[in-house]
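Below is one structure, written out as structure tokens; comments come after it.
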Amino acid sequence: MLGTIALAATLFFALCAALVYGVRLEGSERYGRILAGLSFLTALMASAYLMALILGNRFDVAYVASYSSTDLPLMYKISAFWAGQQGSFLLWLFIHAAAALLLVTKHRMEQRGLMVYMLLEALLTILVLAKSPFVPAEAVVQDGVGLNPLLQDPWMAVHPPIIFLGYALFAVPFSYCMGSLLDGAFTGPWLERARKWALVSWAFLGAGIFIGGYWAYKVLGWGGYWGWDPVENSSLVPWLLAGVFLHILHVARRRQAALSVMHLAVIFAFSLVIYGTFLTRSGILGDFSVHSFSGTSIGMTLAVVNALVLVGALILLAVKAGRLPQGSMYPAHDSREFLLLLGSLILVFLAAIIFLGMSMPLFTQLIGQPAAVDSAFYVRTTMPLAIAMCIVMTLSCLRGWQQQTGERPRLLLAVLAVIGLVCPLLVGVREVMPILLSAVAVIAFGTAFYSAHRGLLGAGGMIAHAGVSLALFAMVLAGSGSQSLTKELAPGDSVMLAGYTVTYEGQVFAEDGTAKHYRYLVDGEEARALTKLHKNGEDAAREPAIAHTLTGDIYIAPTPPRTTGREELLLKKGRMAMDDRFAYRYENVTMENQPGGKMLVTAEISVTDGEKVEHAKPQILATLDGGTSEPIPIFGGEKRLRLTGISGNDDQARIEILPSAAEEASQPITASVSSKPYIYLLWLGALAVTAGCFLAVRR
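Counting in the numbering used here, the final residue of the sequence shown is number 699, and the numbers go up one at a time with none missing.
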């Protein structure tokens with residue numbers, strides 16, 4: 001198949017490029033550039049071919065049949081490319097190969113670094129070949145399964161490619177560092193190039209994490225944005241260590257003794273990218289994460305790749321350690337270098353705690369019964385470190401002020417402390433640790449924002465620090481300050497929460513039958529909770545209603561109503577069966593072939609109330625994978641009837657009797673209502689972190 005041939009060619013060109021750059025003969029740079037370009041073209045060819053298969057509804061390919069369908073909207077057909085393991089690995093490879101093209105043309109990485117980078121590309125290609133998206137389907141199907149309804153959301157359409165941009169681009173600073181060790185060129189212009197690539201990678205990975213959190217908040221309906229799920233943490237840990245690398249790199253540019261620690265940071269950060277991928281795609285987390293992939297043979301391949309990268313890089317660092325500059329990494333304990341290193345150490349502790357928590361299912365599986373830690377473990381252990389981090393960020397800013405202006409802004413610090421203490425109290429927070437975190441976060445935000453505004457320190461870094469502090473402040477208000485209640489509501493019923501009146505208005509069905517909305521009024525403003533429906537009328541996915549206010553969000557998550565009045569009847573041909581209102585008789589059935597190998601099954605059902613007879617014709621659109629049916633109204637919509645099955649010899653029909661749409665809409669529901677005070681500050685903080693990173697790249 002064309003896709004497999006293109007992948008094999010990508011592997012060949014990547015290995016040849018690594019060899020050419022490794023031997024460094026005359027003309028190696030030119031030949032390596034050509035080979036890297038060819039590897040990009042073949043990776044592009046494989047990616048374009050998979051996209052063409054998806055858009056062309058080629059359900060004879062297993063990957064296409066698993067993640068796409070004929071009725072999937074175009075945006076989600078495109079996002080089906082990276083919906084599964086195979087496609088996401090191919091996306092990773094394509095981004096990696098595209099970055100290689102920049103490295104050999106515009107940015108001109110040293111040859112030993114390019115050798116490492118192309119070897120990584122070869123390993124990625126092996127992963128894609130081991131779990132290929134071009135495998136033919138075992139059985140021919142006329143339509144695909146389609147994309148999980150929960151993933152049919154614009155935020156989730158862009159979340160994976162942004163995450164994989166972060167993953168793929170972090171291979172660049174890793175390769176720069178490994179190349180410097182191989183060449184013995186421990187300092188030079190490559191440090192600045194590595195810094196910029198690491199910032200871009202860190203920005204994309206952080207943006208992907210933030211988008212994933214916003215999607216969880218907006219779509220999943222459990223009321224939060226971060227559940228400390230092992231898959232969530234598998235992206236957070238390398239992001240934290242990438243932050244460690246960036247901070248130590250800043251120190252290393254002034255104090256070369258920090259170069260050894262900087263190399264250690266980049267090694268562990270990059271290997272944890274691969275480890276996180278192994279953890280989420282090996283099936284180990286199947287019982288502990290809603291995001292993980294089912295167990296596959298790719299897990300062992302990923303483990304081997306991770307071991308090769310980690311062990312190989314550590315051996316190289318150990319061999320070269322004696323030649324790395326020695327000495328003190330900071331001039332004094334009150335220096336900015338010391339504070340940067342102290343902040344990096346706090347990030348290391350944070351990453352280590354989260355790493356242990358997310359790896360617990362793996363560690364416990366090795367010794368017995370797999371188990372996972374709960375979210376309370378993370379909250380208890382990370383909150384003191386978050387407080388310490390905010391203090392260090394504040395001290396670092398103050399040190400920069402004193403060095404440049406001699407200022408000691410005691411009044412500003414006092415005002416910020418009062419704001420940080422009072423705000424959580426106003427929204428009902430009473431626990432000591434969250435209040436303390438709020439206070440130091442507001443102080444850190446104020447000092448960082450003031451530094452950026454005055455131009456005292458690098459604006460990009462200060463904006464990112466201000467964003468982190470603002471996000472931590474918002475977490476305290478929206479988390480510890482949240483109020484909630486759960487109550488059964490009939491249309492017209494109201495509840496009061498956090499000073500807002502929430503009134504349930506009932507259900508509204510979409511005209512095309514694909515969705516229904518639970519309507520609420522929050523102080524007179526409408527908010528709707530969306531429920532996507534299968535073609536048979538059953539719930540497919542639910543999203544909460546969110547009312548945005550100046551003081552935060554009112555978050556309403558309905559649970560499915562206890563629908564009464566449903567009944568299933570088995571009808572024998574020519575005989576009658578009854579419910580509490582009507583009598584039903586199965587008269588006949590017809591079957592018509594439809595395009596795409598489908599069959600339309602139509603039953604003729606006589607319905608009588610004792611005086612009047614109606615002839616209903618419910619239908620099933622049958623496929624090889626099953627079938628779908630929609631309820632039809634009977635007796636002016638008094639009830640609805642749905643065909644659910646026909647026996648093999650056509651002598652029996654199974655039907656479901658449902659209440660009218662109006663009656664179903666009027667049934668009470670149970671709703672979980674909660675307040676999220678000032679949660680929009682969290683999203684503003686996330687934006688500031690990302691914007692600050694990109695601004696720092698331009699510095």
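We put the beta carbon where it would ideally sit given N, CA and C, even for glycine.
Does the Cβ of residue i have 16 or more other Cβ atoms within 10 Å, making it buried, or fewer, making it exposed?
i	result
Asp60	exposed
Phe363	exposed
Ser494	exposed
Pro560	exposed
Thr280	buried
Pro154	exposed
Thr10	buried
Pro544	buried
Gln111	buried
Thr531	buried
Could you tell me the alpha carbon to alpha carbon distance between residue i and residue j, rounded to whole angstroms?
i	j	result
Met599	Ala622	5 Å
Gly227	Ile248	30 Å
Arg566	Lys639	10 Å
Pro659	Lys573	24 Å
Ala546	Gly343	A quick correction: the sequence has Ile, not Ala, at residue 546. Distance between the alpha carbons of Ile546 and Gly343: 37 Å.
Ala671	Ala490	10 Å
Arg698	Leu91	27 Å
Gly685	Ser396	20 Å
Phe278	Glu664	46 Å
Leu356	Phe349	11 Å
Gly295	Gln85	A caution first: Gly295 carries a pLDDT of 48, below 50, which makes its placement in the model unreliable, though a value can still be read off. Whole-angstrom Cα-Cα distance: 11 Å.
Phe293	Thr394	Any reading at Phe293 needs caution, since the residue's pLDDT is 49, under 50, leaving its predicted position unreliable; the model's value is listed next. Each residue's Cα considered, the two are about 41 Å apart.
Leu150	Ile556	18 Å
Ala137	Ala62	4 Å
Ser235	Leu124	18 Å
Leu35	Arg24	14 Å
Thr690	Ala696	10 Å
Gly637	Ala529	25 Å
Using the DSSP secondary-structure output, state which residues sit across from residue i in a beta bridge.
i	result
His517	Val508, Leu530
Val495	Val502
Glu568	Glu656
Glu614	Val607
Lys639	Ile634, Pro659
Ala671	Lys487, Pro558
Lys391	The sequence shown places Ile at residue 391, rather than the Lys named in the question. Answer is none; Ile391 lacks a bridge partner.
Val522	Val502, Glu525
Lys676	Asp553
Pro73	BP columns for Pro73 are empty, so no partner.
Which residues in the same chain as residue i place their Cβ atom closer than 6 Å to its Cβ, once the five residues preceding and following it in sequence are excluded?
i	result
Arg585	Met576, Ser606
Leu682	Ala471, Ala474
Leu2	Tyr49
Val290	Note that Val290 scores a pLDDT of 48, beneath 50, so its modelled location is shaky; the value from the coordinates is reported in the next line. Excluding sequence neighbours, Val290 sits near nothing in its chain.
Could you pull the start and end residues of the alpha helix (DSSP H) that residue i belongs to?
i	result
Gly3	2–23
Pro424	410–426
Tyr117	111–130
Pro173	171–183
Pro361	336–367
Arg58	No alpha helix (DSSP H) holds Arg58; DSSP gives it neither H nor E.
Thr105	85–105
Arg193	190–215
Arg281	259–281
In its own chain, which residues sit with a C-beta less than 7 Å from the C-beta of residue i, not counting the 5 before and 5 after it?
i	result
Phe288	Here the model assigns Phe288 a pLDDT of 49, short of 50, so the residue's position is not dependable and the matter cannot be decided.
Cys423	Ser438, Leu477
Ile54	Val64, Ser68, Lys77, Ala80, Phe81
Met178	Gly113, Val116, Ala313, Leu316
Pro434	Pro424, Val476, Ser480
At which residues does the beta strand (DSSP E) containing residue i begin and terminate?
i	result
Val601	598–608
Ala545	545–549
Gln594	583–594
Met578	576–578
Leu324	Here Leu324 belongs to no beta strand (DSSP E), and DSSP marks it neither H nor E.
Ile620	619–623
Considering only residues of the same chain and omitting the five flanking positions on each side of residue i, which have a CB-CB separation below 8 Å?
i	result
Arg399	Asp334, Ser335, Arg336, Leu339
Gln483	Gly428, Leu497, Ala498, Ser674, Ser675
Trp239	Gly166, Trp202, Leu205, Gly206, Ile209
Leu571	Ala577, Tyr584, Arg585, Tyr586, Ile605, Gln652, Ala653, Arg654, Ile655
Tyr504	Leu489, Ala490, Pro491, Gly492, Asp493, Ser494, Tyr518, Arg519, Tyr520, Ile669, Ala671
Measuring from the CB of residue i, is there a heavy atom of the ligand ZN at a distance below 7 Å?
i	result
Leu569	With respect to the ligand ZN, the structure shown offers nothing to examine, as it has no ligands at all.
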